[in-house]
Structure formats: C-alpha cells, structure tokens
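The sequence shown begins at 1 in full-length UniProt numbering and counts up one residue at a time.
All remarks here apply to the structure that follows.
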Amino acid sequence: MSSYILGKIDIDHEKLKKDLKIHDSFPKIEEEYDEFGTGFWQNCSLWNATDDKNDTMYRDYDHAIQQTEYGQKLAYVDELIKENFTFDNLKMVRTRNLVDGMVIPHKDFVELTKEKSQYFRVFVPLEDNELAFHSDEENVFKMRKGEVWFLDAAIIHAAVNFSSDSRIFLCLDYAFPGEFSPEDIFVKKDTYNPNVSPYIVPRQDVPENFEADLIRSLSNVISRYNFKDIVFLLSKIHFYKNVPITSCYDVLVKIAEASGDDAIYEKAISLRKYLIEKRDLKERFSMAEWPSPLKV
Numbered sequence: 001m002s003s004y005i006l007g008k009i010d011i012d013h014e015k016l017k018k019d020l021k022i023h024d025s026f027p028k029i030e031e032e033y034d035e036f037g038t039g040f041w042q043n044c045s046l047w048n049a050t051d052d053k054n055d056t057m058y059r060d061y062d063h064a065i066q067q068t069e070y071g072q073k074l075a076y077v078d079e080l081i082k083e084n085f086t087f088d089n090l091k092m093v094r095t096r097n098l099v100d101g102m103v104i105p106h107k108d109f110v111e112l113t114k115e116k117s118q119y120f121r122v123f124v125p126l127e128d129n130e131l132a133f134h135s136d137e138e139n140v141f142k143m144r145k146g147e148v149w150f151l152d153a154a155i156i157h158a159a160v161n162f163s164s165d166s167r168i169f170l171c172l173d174y175a176f177p178g179e180f181s182p183e184d185i186f187v188k189k190d191t192y193n194p195n196v197s198p199y200i201v202p203r204q205d206v207p208e209n210f211e212a213d214l215i216r217s218l219s220n221v222i223s224r225y226n227f228k229d230i231v232f233l234l235s236k237i238h239f240y241k242n243v244p245i246t247s248c249y250d251v252l253v254k255i256a257e258a259s260g261d262d263a264i265y266e267k268a269i270s271l272r273k274y275l276i277e278k279r280d281l282k283e284r285f286s287m288a289e290w291p292s293p294l295k296v
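Put into structure tokens, the structure is as follows:
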C-alpha cells in the first residue's frame, strides 16, 4: 500500500476541543492551488518558512521553520506536535480542513527541483468523520482520529468529504536529504507501528460498458459553462466505484473530444498535464477562462 499508517498517538480530547473551537475562528484564505478543490477547503499554516500565517505554499528551503500566529494560538496542538514529532527535516506544519467538498486527483511536488530530497508527508486526523475519505493509486481509505499516516503525495491522490461536518487534520511535510527511516519522524521511536490495520473503503464494481456510457452521455452535456462541474463529478466516481483514480482525466479527455469543441478538448488535455504530469512553480490553472466567449 503506497499510503500507510505509521503509528498512533494519544490525544487529550478535552484539551483538543478547546483548540478546535479557536480554530473555528480562523478565516479561509485563498489557497496557492485553490483550483484543486471545491467546497470549504482550508489550510492554516502553523509552522513554515516565513512565520507568515497566510503563507500556505510548500517549497524547498534550508533554514529552520518558524511558528506562525495560528500555531501560537493552538496551545494543545503545538504540545501534541512537539511531544510526538521531530523537527529535524520538518519543512512545514499545517491544519487542513475540507467540508462538503473535495480535492481532485493530483500529484504534489511535481514543480519542485531538488532531486536529492525525499519528500515525506504525514497526516494526523484530529477529528473523526464517517464520510471523509482519501485515495491514492491503489485504494480509497478512511483516516481515523489519532492515526499517523504517510500519504504518498508524489503519486496521484485525492480527498473528499461528502458531509457538512468538519474533519481537521494535521499535515507535516518532511524533506530528507538522503536515506531515512519513517520512525525518524517520531520523538519516541516506539510510536512507530506500521502494523496498525487501515480502514480500506469497499467500492462497487462497474459494468463493462460503464466508461462508454459516461462518454456518450456527458459528451452531449459538457460545455464551457459546466466544464468544472464535469471535472468534479468525474473525480468523485473512484471514491465509490472500483475504477482507477486516473480514469477521471482519461474519460474527461474522451468526453471533451467527442463534444466537438476544440477549446474544451485543449482545456481537458492541459488540466490533466497540470494536475498529474508537470507544472512550474507558482503556475496556476483556471477552469473558468476560455480563449473566446462562452458558448453552449
């Protein structure tokens, strides 16, 4: 399994409750890659390169991270981080929340150039949510409160919350200059326990003509008005149907080609490249901008 559980940490639920109430007051700001998500998607920087609470972009740098204003306000979360995780090679710490929305399939780190760095992203759910899931190229899975996960962000992955309830996670980004062991992230080495069984989400098999039917029906519907809606619709399917995570973009391109609109087809090709193949640092992508006026 590409993404897997590294262990589990103890959480004082009463202390955490106070911090989560404070966290509720943090505003949502524009994300560096806001085009990846829909619904309420929030990243709050607790530790980063600049100590600026509004700096949410992960990037390569060599100096020690600094605590932000948000990090200072979450006293118990800060205690939880310092008691359990090492700061050597830790590049960024954020809280991440997703409510009634999703982050569509994408790869991280494709815009970074440090070939010798080994990026290691760690997730810790601070809340349970029965309708919040993650996925990668192998499985759909549910992360449970207190579990410490390695999320393989260098392969295609996605997240969804089908409910209107919160599901706040800690996200710790490490970058190691050479060989390392996953247990190196923990203050206490015996916290490392990769034998904890994950919750793998069962999915429904699809009939043989499933893809062909999607292409035939949606190619008659897709337009420049609803391009983004179609992208997010297709991106959700793999969470409950047994299809590859990449199928959303493969099918999107076929739908766009069958629509007969060259601009939609080019947009679909560019989106797939941007999200899962190659993009430049700080490059942005708009699903709403078109080379000529909208047409149905």
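A virtual CB, placed ideally from N, CA and C, is assigned to each residue, including glycine.
Can you give me the Cβ contacts of residue i inside the same chain, cut-off strictly under 7 Å, excluding the 5 residues immediately before and after it?
{"i": "residue 218", "result": "230 and 255"}
State yes or no: is the C-beta of residue i within less than 8 Å of the C-beta of residue j?
{"i": "residue 170", "j": "residue 56", "result": "no"}
{"i": "residue 86", "j": "residue 245", "result": "no"}
{"i": "residue 156", "j": "residue 136", "result": "yes"}
{"i": "residue 191", "j": "residue 84", "result": "yes"}
{"i": "residue 237", "j": "residue 248", "result": "yes"}
{"i": "residue 384", "j": "residue 144", "result": "In this structure the chain extends from 1 to 296, so residue 384 is not present and cannot be described."}
{"i": "residue 253", "j": "residue 214", "result": "no"}
{"i": "residue 196", "j": "residue 8", "result": "yes"}
{"i": "residue 158", "j": "residue 104", "result": "yes"}
{"i": "residue 91", "j": "residue 65", "result": "yes"}
{"i": "residue 216", "j": "residue 290", "result": "no"}
The ligand PLP and residue i: does the residue's C-beta get closer than 7 Å to at least one heavy atom of that ligand?
{"i": "residue 222", "result": "For the ligand PLP, the structure offers nothing, since it holds no ligand at all."}
I'd like the list of long-range same chain contacts for residue i, defined as Cβ closer than 8 Å, with 5 residues on each side in sequence excluded.
{"i": "residue 54", "result": "29 and 45"}
{"i": "residue 101", "result": "37, 38, 39, 40, 41, 160 and 161"}
Can you name the start and end residues of the beta strand (DSSP E) that residue i belongs to?
{"i": "residue 84", "result": "That residue, residue 84, is in no beta strand (DSSP E); its alpha helix (DSSP H) goes 75-84."}
{"i": "residue 2", "result": "Run containing residue 2: none; DSSP gives neither H nor E here."}
{"i": "residue 135", "result": "132-135"}
{"i": "residue 45", "result": "37-48"}
Taking only three categories from DSSP, how would you classify residue i?
{"i": "residue 173", "result": "strand"}
{"i": "residue 122", "result": "strand"}
{"i": "residue 147", "result": "strand"}
{"i": "residue 259", "result": "helix"}
{"i": "residue 28", "result": "coil"}
{"i": "residue 212", "result": "helix"}
{"i": "residue 71", "result": "helix"}
{"i": "residue 268", "result": "helix"}
Leaving out five residues on either side along the sequence, give the residues of the same chain with a beta carbon under 6 Å from the beta carbon of residue i.
{"i": "residue 11", "result": "146"}
{"i": "residue 176", "result": "89 and 118"}
{"i": "residue 167", "result": "127, 129, 132 and 161"}
Go to residue i, then tell me how far its alpha helix (DSSP H) extends in each direction, as first and last residue.
{"i": "residue 297", "result": "Given that the chain is displayed from residue 1 to residue 296, the structure contains no residue 297 and the question cannot be resolved."}
{"i": "residue 91", "result": "Where residue 91 is concerned, there is no enclosing alpha helix (DSSP H), although the beta strand (DSSP E) it sits in stretches over 90-106."}
{"i": "residue 236", "result": "227-236"}
Tell me, to the nearest whole angstrom, how far the beta carbon of residue i is from that of residue j; I am working on the premise that it is less than 8 Å.
{"i": "residue 228", "j": "residue 203", "result": "Incorrect: roughly 25 Å between the Cβ atoms, too far for contact."}
{"i": "residue 150", "j": "residue 122", "result": "6 Å"}
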